[in-house]
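Chemist:
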Amino acid sequence: IYCKNLISDLIRQIAKDLKSKRIITVKPKVTAAFHSPLLTKIKSEFREALNKIHISDPKYPVLKNLDGEIYQNRDDIINGLVDQLDHPVLFTKIMNRCINENITDYYDVSLRIRFMKMIDWFQFNSDHDDQAKSEYSTN
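Throughout the sequence shown, residue numbering follows the working numbering, covering 31 to 169 in sequence.
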């Protein structure tokens, strides 16, 4: 318990320091060990389940959460979803791609409005403050 409290206090202090630099932090509501090695053992079962679902090749560009690249076909979608189980989601890669390619119309199909708000905030601040862009950049 002491260690948990120590880590929580440290995370709160980091969030406070980031806020003073105009960097937004959000405490996620976590219900399971998504995007962590704890889910590696279910990848093959998840792949089998996805293979039973009708998934078409994308008609429109869809960016992967893993690397900001575009899904090319059904197999790429399945591989991306399976890899997403035990890999971190890199929203900054997606945001950087949208900004660098001047993408102004985008839709979050994950039903998470928060991502759209994040990218709007990022776009606004990068237009008005080069430092904000460099602080979020993953390049």
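C-beta atoms are modelled at their ideal positions from N, C-alpha and C, and glycine is treated no differently.
Can you find the residues in the same chain that come closer than 6 Å, C-beta to C-beta, to Ile124, ignoring five residues on each side of it along the sequence?
Modeler: Counted from its first residue, the sequence shown places residue 124 at position 94. Within the same chain, Ile124 has close Cβ partners Leu93 and Gly98.
Chemist: May I ask you to report which of helix, strand or coil DSSP gives Leu115?
Modeler: Sequence index remark: in the sequence shown, residue 115 carries index 85 (1-based). Three-state result, Leu115: coil.
Chemist: From the DSSP output, in three-state form, read off Ile72 for me.
Modeler: Here residue 72 refers to the residue found at position 42 when the sequence shown is read from its first residue. Correct three-state label for Ile72: helix.
Chemist: For Gly110, which residues from the same chain have a beta carbon less than 8 Å from its beta carbon, with the 5 sequence-adjacent residues on both sides left out?
Modeler: Sequence index remark: in the sequence shown, residue 110 carries index 80 (1-based). Within the same chain, Gly110 has close Cβ partners Lys94, Asn95, Leu96 and Tyr101.
Chemist: Buried or exposed: which applies to Leu48, given that a residue is buried once 16 or more other Cβ atoms fall within 10 Å of its Cβ?
Modeler: As a position in the sequence shown, residue 48 is number 18, starting the count at 1. Exposed, since its Cβ has fewer than 16 Cβ neighbours within 10 Å.
Chemist: In terms of alpha-carbon separation, which member of Leu80, His117, Arg42 and Cys128 lies closest to His65?
Modeler: Numbered from 1 along the sequence shown, position 35 holds the residue referred to as residue 65. Nearest of Leu80, His117, Arg42 and Cys128 to His65, Cα basis: His117.
Chemist: Might you give, ordered along the chain, the residues of its own chain that have their beta carbon closer than 6 Å to the beta carbon of Ile108, omitting 5 neighbours on each side?
Modeler: Against the sequence shown, residue 108 aligns to sequence position 78. These residues qualify, in order along the chain: Leu80.
Chemist: Measuring alpha carbon to alpha carbon, tell me which residue in Glu78, Phe76, Arg104 and Lys82 is nearest Lys89.
Modeler: Translated into the one-based positions of the sequence shown, residue 89 becomes position 59. For the residues Glu78, Phe76, Arg104 and Lys82, the minimum Cα distance to Lys89 belongs to Arg104.
Chemist: Could you tell me how far apart the beta carbons of Val112 and Lys73 are, in whole angstroms, since I believe they sit closer than 8 Å?
Modeler: On the sequence shown, residue 112 is found 82 positions in, with the first residue counted as 1. On the sequence shown, residue 73 is found 43 positions in, with the first residue counted as 1. Correct: roughly 5 Å between the Cβ atoms.
Chemist: Give me the residue from Leu115, Pro91 and Lys59 with the minimum Cα distance to Cys128.
Modeler: Along the sequence shown, one-based indexing puts residue 128 at 98. For the residues Leu115, Pro91 and Lys59, the minimum Cα distance to Cys128 belongs to Pro91.
Chemist: In chain order, what residues of the same chain lie with their CB nearer than 6 Å to the CB of Arg77, ignoring the 5 residues before and after it?
Modeler: Within the sequence shown, numbered from 1, the residue matching residue 77 stands at position 47. If we look at Arg77 and ignore the five residues flanking it on each side, its Cβ neighbours are Val112.
Chemist: Closest to Leu115 by CA distance: which of Asp87, Lys71 and Lys51 is it?
Modeler: Here the question's residue 115 lines up with position 85 in the sequence shown. If we check each option's Cα against that of Leu115, Lys71 comes out closest.
Chemist: Can you name, in chain order, every residue of its own chain whose Cβ lies under 6 Å from the Cβ of Asn126, other than the five neighbours on each side?
Modeler: Stepping through the sequence shown from its first residue, residue 126 is reached at position 96. Contacts found: none.
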